[in-house]
Structures are given as C-alpha cells and as structure tokens.
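Following numbering that gives the first Met the number 0, the numbering of the sequence shown begins with 0 at its first residue and continues without gaps. Contents: one structure, followed by commentary.
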Amino acid sequence: MENYKHRVAVVILNYNGKNHLKKYLPSVVRYSSNYHIVVADNASNDDSVAFLKTDYPDIELIQNEHNGGFAKGYNDALKHVDAEYYILLNSDVEVTENWVEPLLEILESDTTIAGCQPIVNSYVDRTKFEHAGAAGGFLDRDYYPFCRGRIFEQVETDEGQYNSTREIFWATGACMMIRAKDFHEAEGFDTSFFAHMEEIDLCWRLKKMGRKFFVVGNAQVFHLGGGTLNYMSPKKTFLNFRNSLFMITKNYDGLLFPKLFKRLILDGLATLQFLISGQFKHILALLQAHFSFYAHLPELLKKRKNLKAHSGQKFNSSGLYKKSIIVERYLRHKTKFSQLQEQHFEK
0 MENYKHRVAV
10 VILNYNGKNH
20 LKKYLPSVVR
30 YSSNYHIVVA
40 DNASNDDSVA
50 FLKTDYPDIE
60 LIQNEHNGGF
70 AKGYNDALKH
80 VDAEYYILLN
90 SDVEVTENWV
100 EPLLEILESD
110 TTIAGCQPIV
120 NSYVDRTKFE
130 HAGAAGGFLD
140 RDYYPFCRGR
150 IFEQVETDEG
160 QYNSTREIFW
170 ATGACMMIRA
180 KDFHEAEGFD
190 TSFFAHMEEI
200 DLCWRLKKMG
210 RKFFVVGNAQ
220 VFHLGGGTLN
230 YMSPKKTFLN
240 FRNSLFMITK
250 NYDGLLFPKL
260 FKRLILDGLA
270 TLQFLISGQF
280 KHILALLQAH
290 FSFYAHLPEL
300 LKKRKNLKAH
310 SGQKFNSSGL
320 YKKSIIVERY
330 LRHKTKFSQL
340 QEQHFEK
C-alpha cells in the first residue's frame, strides 16, 4: 500500500475527552500508520493536552483557542491541516484493520464523489448498527434524516444485509472521509449549528454543487455514541429539531414557508408524543428549538439567498426518499430500511 501520510489526514476533534483518547486512540495509531494523524483540541480544561504531549508526542496537536462546538472546532483546525483528503473521526471511535483503504479507493475512483463513510457499528453492542450514521444516511420528503440500519430510535442488528457500497444522501460526521478541496469550496461546516446535523447540511450543500456521497460496505468502525451528548438528552433534542429547520431553510429550493408550516405541524405531533410518554423536558427543548430558529431566521434567509446565487450545478438528489419516513415508521410500522421500497428513492 502506497504511503499516503502527506495526502490523507485523520483528524480527531477532542473536548475534555482524555478518557476517550486513552481508550480509542491506540486503534487509530495501530491501523492508520500510513496516514497523518492529527488531534484538534477544542480548548479542553481537563488534561487531554498534557496526556497527548506525553503519551503521543508524534501525533500532531492543534489547539483551538475556544470551544466553538463540532462545527467551528473542525473549521478552525482544518485551516492548519495540509492534506488532499480529511477523515473526520470522533474521539469515541475504534477503527479496524484496513479501515481507510476502501474509503480512499472510492474517492480516488471518481472526482465527483466528495465524501464517504464506513459501516458504523455500536461499540457497546457490536452486533448492532450505531445510531449516528449506521450504514449510510438519507432524508425523506420532509427532510427528516434516517439511515440504512436505523429508522428513528429503531436500530437494526447487523447481519451483513447492508454490506454493499451505494450512494447515499449524507455521510456521518462520526467518521467521514471528505476531499479537502470540496470541504473548503463549500466553506466547511455552518458554525451556527454548533453541533448535530452540521454534516447533513454540509452534504446537502455539496450535493447542490453536483457532488456525491457514498457508504463503503467493506470498511467498518465501532462508535460508542453519545460520548459528548447522550442521545436522550434534551439538549440533543433542542439541537436536532432546531438544526433540522436551519438546514431546510438554507437548502430547500422549493416554496419555503409551506414546507416550514408542514414541519411545524409534524413537530407539534412530536410534542404530543413527548407529552404522552411523560418526557416534559423534551417538550421544553422542542419549543426552545423553534424560538431559536425564529430568532435566527433573518440570518438563515440571507444564507439561503447566497446559496441560491452561487448554485451553478444541478442538484444531485440521489438518496432522497420520496415518501414520509414518519408515516412508514409510525403508521405502517416499518422498522427496517430493507422494508422501504427502492423505487421510492431518488437515483
């Protein structure tokens, strides 16, 4: 295998994650020796930096001045990383032997492919897919995200059913390989997202530039998940609902306000579900998400106008599901991606 140390950079963003680094970094070092490994520290106040300097002096350390979240943290760090390809890797991911090579191979095969991801399994239960990314990300007609292997809270057992390589709509930020040129041409992550769904927004913007994203079936990693923010956290509920509205406002090219009104109704149904299940903190989080969205609306409309003005390519809609995943999951009780008919996906 050719040595790609100066072409491929594995970049791990860390914030107060010394324990994650101690546990997961050894696998990255062991299985990524052909590549340049970078840890970008997001102004941690634990002893992560001291640990890295002592135990991993050969790993490049970038120290961001402030903790601006996932989005700003990577944007700031990647300005200082000279590579043709970035692999953005969460600090709570265990990688496997030859995990990079299949990802690199597909990007090298087609310059219109901006990025890709491996199969992401759960570190806690290795027989299951992991919530964040699973076997590739998709959006439904109302722009709710779901994955091959995970529909809302339903995570499938990995029995090799999704080991194929295929085009997707979005690749997970937990482990995404992306061309540096495309990342910077799209101006990186939107820092107003802070964390969660910023990778979907980035993929959407690049697909509007005609780019493609793939999941690579013969590459695999294991993700702890919820390492920074638990999946059941009200803070995550706030970010997911708010940021979903952010990316629709920016990227949806049709009549915006009817789409937003429909989402308002659907989010109201989600509030009812939280009420029935007694999750009152999540109701408050959802309401706060909408108020935050309205406060950011003028800024988002400017971004929308700017994106439209600079869109010179045909939108690559592959990976959009033309039906409602809410209807399929909660009314038709489909809990597996394989139960969704292929003809309903944009090609």
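Glycine included, every Cβ here is placed at the ideal spot set by N, Cα and C. On a predicted model such as this, the values are computed, not experimentally measured, just so you know.
Could you check which residue in the options has the C-alpha nearest to that of residue i?
i	options	result
Ala70	Val10, Tyr161, Thr111 and Phe192	Phe192
Ala323	Gln340, Met175 and Ile11	Here residue 323 is Ser; the residue named in the question, Ala, does not match the sequence. The option with the nearest alpha carbon to Ser323 is Gln340.
Asp141	Met231, Leu265, Leu296 and Leu201	Leu265
Gly216	Lys207, Pro233, Arg147 and Lys235	Arg147
Tyr14	Ser32, Asn89, Lys22 and Arg6	Asn89
Phe314	Glu104, Asp124, Phe182 and Gly209	Gly209
Tyr73	Trp98, Ala179, Ala134 and Gly132	Ala179
Asn97	Ser26, Leu106, Gln312 and Met196	Ser26
Val214	Phe344, Glu197 and Ala134	Ala134
Gln278	Lys302, Ala294, Ser232 and Leu296	Ser232
Ser121	Leu77, Gln219, Ala294 and Pro56	Gln219
Ile118	Leu20, Ile105 and Asn162	Asn162
Glu93	Glu129, Gln342 and Gly318	Glu129
Glu186	Cys202, Met196 and Glu107	Cys202
Asp252	Glu197, Glu100 and Ala308	Ala308
Asn239	Arg165, Ser108, Met196 and Asp181	Met196
Take the Cβ of residue i as the centre, count every other Cβ of all protein chains shown within 10 Å, and call the residue buried at 16 or more, exposed below.
i	result
Thr227	Low confidence applies to Thr227: its pLDDT is 48, below 50, so where it sits in the model is not reliable, and the reading given next is rough at best. Burial call: buried.
Gly267	exposed
Gln338	exposed
Thr110	exposed
Gly311	exposed
Ser276	exposed
Arg331	exposed
His183	exposed
Ala294	exposed
Lys52	exposed
Lys207	buried
Can you give me the start and stop residues for the alpha helix (DSSP H) that residue i sits inside?
i	result
Ala70	Gly68 to Leu77
Asn242	Pro233 to Asn250
Glu327	No alpha helix (DSSP H) holds Glu327; DSSP gives it neither H nor E.
His35	Unbroken run through His35 is the beta strand (DSSP E), His35 to Asp40; no alpha helix (DSSP H).
Tyr30	Lys17 to Tyr30
Leu263	Leu255 to Ile275
His289	Phe279 to Ala308
When you compare the CB positions of residue i and residue j, do they come within less than 8 Å of one another, or not?
i	j	result
Phe292	Phe245	yes
Phe168	Gly136	yes
Asn250	Leu306	yes
Thr126	Asp157	yes
Gly224	Met175	no
Leu60	Asp45	no
Leu138	Tyr320	yes
Arg328	Phe151	yes
Arg6	Ala131	no
Val9	Ser43	no
Asp75	Gly68	no
Ile177	Tyr34	no
Phe290	His281	no
Lys211	Glu155	no
In the DSSP output, which residue or residues are listed as bridge partners for residue i?
i	result
Asn97	BP columns for Asn97 are empty, so no partner.
Thr171	Its beta-bridge partners do not exist; DSSP assigns none.
Val154	Arg149
Tyr320	Phe344
Cys115	Met176 and Phe213
Gly136	Cys146 and Trp169
Could you check where the beta strand (DSSP E) with residue i kicks off and where it finishes?
i	result
Arg391	Nothing can be reported for residue 391: it is not among the residues displayed for the chain, which extend from 0 to 346.
Glu198	Looking at the DSSP string, Glu198 is not in any beta strand (DSSP E); the run it does join, the alpha helix (DSSP H), is Glu197 to Lys206.
Leu51	Leu51 -> not in any beta strand (DSSP E); alpha helix (DSSP H) instead, spanning Ser47 to Asp54.
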